[in-house]
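Inspection log for the structure reproduced underneath, given as structure tokens.
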Amino acid sequence: MFDIHTKIQAHIAGLEPYSSARDEYKGDAKIWLDANELPEDSGYNRYPNKDLYGLKAKISNQYRLSEDQFIIGNGSDEILDLIIRLFCKPERDNIITMPPSYSMYEVLAKIQNVHTIKVPLDEDFEINTSECLNAITGHTKLIMVCSPNNPTGKVASKNAIKILLQQDAIVVIDEAYIQFSDAVSWISELEKYPNLIVTQTLSKAYGLAGLRLGLCFASSKIIHYLNIIKAPYNVNVASAKAAMRLMKGDAEIELLKKQIKEQRTRLIAFLKGCEWAVQVYPSEANFVLVRCNNSKDIKQFLASRGIIVRDRSSQYRCDNCIRITIGSTEEMDQLIITLKTYQA
Ligand SMILES: Cc1ncc(COP(=O)(O)O)c(C=O)c1O
8 MFDIHTKIQA HIAGLEPYSS ARDEYKGDAK IWLDANELPE DSGYNRYPNK
58 DLYGLKAKIS NQYRLSEDQF IIGNGSDEIL DLIIRLFCKP ERDNIITMPP
108 SYSMYEVLAK IQNVHTIKVP LDEDFEINTS ECLNAITGHT KLIMVCSPNN
158 PTGKVASKNA IKILLQQDAI VVIDEAYIQF SDAVSWISEL EKYPNLIVTQ
208 TLSKAYGLAG LRLGLCFASS KIIHYLNIIK APYNVNVASA KAAMRLMKGD
258 AEIELLKKQI KEQRTRLIAF LKGCEWAVQV YPSEANFVLV RCNNSKDIKQ
308 FLASRGIIVR DRSSQYRCDN CIRITIGSTE EMDQLIITLK TYQA
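Below is the structure:
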């Protein structure tokens, strides 16, 4: 039987969390003299309170989950950092990553002096399940899965993830791009797997990257500990207020998904006709990975015409690969017109 208490860092289990003024009193009042704030109402003179509660309620409603099943972070990067800090003892523990993937997992682990064991995806960018199982050690705390994966755009196999979930480690599924895919979120499996953590973000499909809002879904026990270690006011009032106003609903997300899919299909079809495109990878995200005969040259050619794409050549199995984000229809028009003039 999986016991979360044997997985979190021992000193955190007994940690008395900092109790902020807003933790201690959550009701209404006429006069607030408990948090050393200034009284003049600038809209931001108070520490986050009602705005944050409102955003939590909105997310709880949208995801049909209770508020003890998720936390909001300063981007999902903060959430990933918190997860590593909660579970991994520096110098002793390790995490498993599957390159090519989001390289931040390794950076965050390095910052905590936590070792990263890399189990590369196979030639088809699928999880190498047997190698993953072989790589697990007594000190493996986290298995990081990105689905749809950045930069490949591929959704991870359900079977592979199920096998990973049967191991004695926490499986973190980073679903930053899930709204662009037809895959079902692993959030629906949280009740079944106490060792599952799902992260999502408002930076991608919700279009709110500048607000820095990330989401983490897990058992209430895991969320309890993440709440203990996060900074008291990690989500600011301006972001919470803006997100309350701007967060898309399910119908808007569906519409956006349709639009992105149309442009993605169009871009992939175009790229497949380009002589310089050695391989165009299918994608379930809002970007396309394409292997070129000379990624540097194409990147420079586009940059000199004001169009910026990302060269991913430094990533495992991604030699000469560029990653192109799906922009607006007009932006895709411009990209295609420009690429038509490219001569390898
Ligand atoms: C796979 C993946 N996870 C997480 C993030 C970070 O997202 P956020 O803006 O929520 O910090 C990114 C950002 O590009 C990403 O590609």
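Position 226, counted from 1, in the sequence shown is what the working numbering calls 233; the numbers after and before it change by one each time, with no gaps. Every residue gets a Cβ at the ideal spot worked out from N, C-alpha and C, and that includes glycine.
Checklist entry - Would a C-beta distance cut-off of 8 Å place Tyr51 and Ala245 closer than the cut-off? => result yes
Next on the checklist: Which residue marks the beginning of the beta strand (DSSP E) containing Met151, and which one marks its end?
Outcome noted: 147–153
Item to check | Three-pair Cβ contact test at 8 Å for the segment 264–276 versus the segment 134–150 | outcome: no
Item to check | DSSP beta-bridge partners of Lys264 | outcome: Note: Lys264 sits in no beta bridge, so no partner.
Item to check | Range of the contiguous alpha helix (DSSP H) that encloses Ile329 | outcome: It is not in any alpha helix (DSSP H) - Ile329 instead sits in the beta strand (DSSP E) that spans 328–332.
Checklist entry - Given that a residue counts as buried once 16 or more other Cβ atoms are within 10 Å of its Cβ, and exposed if not, what is Ile329? => result Ile329 should be labelled buried.
Next on the checklist: For ligand 1, is there any heavy atom lying closer than 7 Å to the beta carbon of Gly313?
Outcome noted: no
Next on the checklist: Do Ala42 and Ala28 count as a contact pair if the criterion is CB distance below 8 Å?
Outcome noted: yes
Next on the checklist: Give me the DSSP bridge partner(s) of Phe294.
Outcome noted: Thr332
Next on the checklist: Quick check on the burial criterion: 16 or more other C-beta atoms within 10 angstroms. Buried or exposed for Val121?
Outcome noted: buried
Checklist entry - Can you tell me whether DSSP reads Gln350 as helix, strand or coil? => result coil
Next on the checklist: If the criterion is Cβ atoms closer than 8 Å, does the pair Tyr232 and Ile19 meet it?
Outcome noted: yes
Checklist entry - Within the structure, which residues are defined as neighbours of ligand 1 by a Cβ-heavy atom distance below 6 Å, reported in chain order? => result Gly82, Ser83, Asp84, Tyr109, Cys153, Asn157, Asp181, Ala183, Thr208, Ser210, Ala216, Gly221
Next on the checklist: Please return the same chain residues whose Cβ sits closer than 7 Å to the Cβ of Phe277, not counting the five positions on each side in sequence.
Outcome noted: Ile343
Item to check | CA nearest to the CA of Asp129, picked from Ala163, Gln119, Glu113, Arg99 | outcome: Each of Ala163, Gln119, Glu113, Arg99 was checked against the Cα of Asp129, and the nearest Cα belongs to Ala163.
Next on the checklist: Quick test of the definition: if touching needs 3 or more C-beta pairs under 8 Å, does the segment 166–181 touch the segment 201–218?
Outcome noted: Between the segment 166–181 and the segment 201–218, the count of C-beta pairs closer than 8 Å reaches three or more; the two stretches touch.
Checklist entry - Among Gly145, Gln266, Tyr184, which one has its Cα closest to the Cα of Thr159? => result Measuring from the Cα of Thr159, the nearest candidate turns out to be Tyr184.
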